[in-house]
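The end of the sequence shown is residue 194 by our numbering, with every number in the run present. Structure, as structure tokens:
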Amino acid sequence: LIRLLVGLKVPPIVSLHSDSWNRLVHSGLRSRKVVPMSITVLAIGKKHEKWAVDGIERYAQRLRKPYDLQWKLLPHSSREGDATRDEESGRLLGAIRTGDHVVLLDERGSNISSPALAEHLQGQFDAGRSVTAVIGGSYGVNSELRSRADFTWSLSQLVFPHQLVRMVLTEQVYRAQEISAGRPYHH
């Protein structure tokens, strides 16, 4: 791969799988701007509960860059109602990196198919953008965070426990990875 890259004009931003990334970093091509794209999940709540860990890990261990997930769990607010929503939304907004494509998970969002999700995520990676998925707290998110979202995605019109949303999100990202790679996981 490195020999091929040396002879080619490499675009200023490229996405590489982790093995390729390590070889590139250690090959002396550090003068190129290489951005390792990935998906960061910001969620309000505690660590993953035991029952959800098994499901999350089942799919997370199969993920490869740029589809790998990095979790950042932010604490619940001790306030109530709108004050909780505003405080938690402020924490989430503060954790979003400039330039990231923000996907907000919300039951009022668009319900899309797994192939459409795969196309959406791959489009962001092809454009050189990392993705931040946001799972708000039990009171939802405020209008400021809602307006920061580039895409609002509904898993269902039903409301699910946040632990279950984390597990479903992980499986759907794995499914998107497999669809984008043309592998037969999704029938």
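Just so it is clear, CB atoms sit at the ideal spot from N, CA and C, and this is done for glycine as well. No experiment lies behind these values; they were computed from the predicted model shown.
Less than 8 Å between the CB atoms is what I'm expecting for residue i and residue j, so what's the real figure, rounded?
{"i": "residue 110", "j": "residue 49", "result": "Residue 110 to residue 49, Cβ: 10 Å. No contact."}
{"i": "residue 138", "j": "residue 46", "result": "5 Å"}
{"i": "residue 172", "j": "residue 96", "result": "Not quite, the Cβ-Cβ distance comes to about 17 Å (not below 8 Å), so this is no contact."}
{"i": "residue 170", "j": "residue 74", "result": "With a Cβ gap of about 21 Å, residue 170 and residue 74 do not count as contacting."}
When you compare each of the options to residue i by their alpha carbons, which one comes out closest?
{"i": "residue 53", "options": "67, 135, 82", "result": "82"}
{"i": "residue 195", "options": "107, 89, 117", "result": "Residue 195 lies beyond the range of the chain shown here (8 to 194); nothing can be said about it."}
{"i": "residue 103", "options": "79, 89, 183", "result": "79"}
{"i": "residue 145", "options": "68, 90, 65", "result": "90"}
{"i": "residue 152", "options": "108, 67, 58", "result": "108"}
Cα separation between residue i and residue j?
{"i": "residue 13", "j": "residue 76", "result": "For residue 13, the pLDDT reaches just 38, beneath the cut-off of 50, and the residue's location in the model is therefore unreliable, although a value from the coordinates is still provided. Each residue's Cα considered, the two are about 30 Å apart."}
{"i": "residue 99", "j": "residue 174", "result": "20 Å"}
{"i": "residue 126", "j": "residue 85", "result": "39 Å"}
{"i": "residue 63", "j": "residue 181", "result": "10 Å"}
{"i": "residue 186", "j": "residue 122", "result": "7 Å"}
{"i": "residue 92", "j": "residue 193", "result": "36 Å"}
{"i": "residue 60", "j": "residue 178", "result": "12 Å"}
{"i": "residue 130", "j": "residue 88", "result": "37 Å"}
{"i": "residue 38", "j": "residue 188", "result": "Low confidence applies here, because residue 38 scores a pLDDT of 36, under 50, leaving its location unreliable; read the following figure in that light. Residue 38 and residue 188: Cα-Cα distance of roughly 29 Å."}
{"i": "residue 132", "j": "residue 69", "result": "18 Å"}
{"i": "residue 28", "j": "residue 55", "result": "Note that residue 28 has pLDDT 37, beneath the 50 cutoff, so the model's placement of it is unreliable and the number below is only indicative. Roughly 29 Å between the two C-alpha positions."}
{"i": "residue 128", "j": "residue 134", "result": "10 Å"}
With DSSP as the reference, please indicate the residues paired to residue i in a beta bridge.
{"i": "residue 108", "result": "138"}
{"i": "residue 46", "result": "76, 138"}
{"i": "residue 91", "result": "The partner list for residue 91 (beta bridge, DSSP) is empty, contrary to what the question assumes."}
{"i": "residue 147", "result": "144"}
TODO: Please determine if the region 110-125 and the region 148-160 are in contact, where contact requires at least 3 C-beta pairs separated by less than 8 Å.
DONE: The region 110-125, when compared against the region 148-160, does touch it at the 8 Å Cβ threshold.
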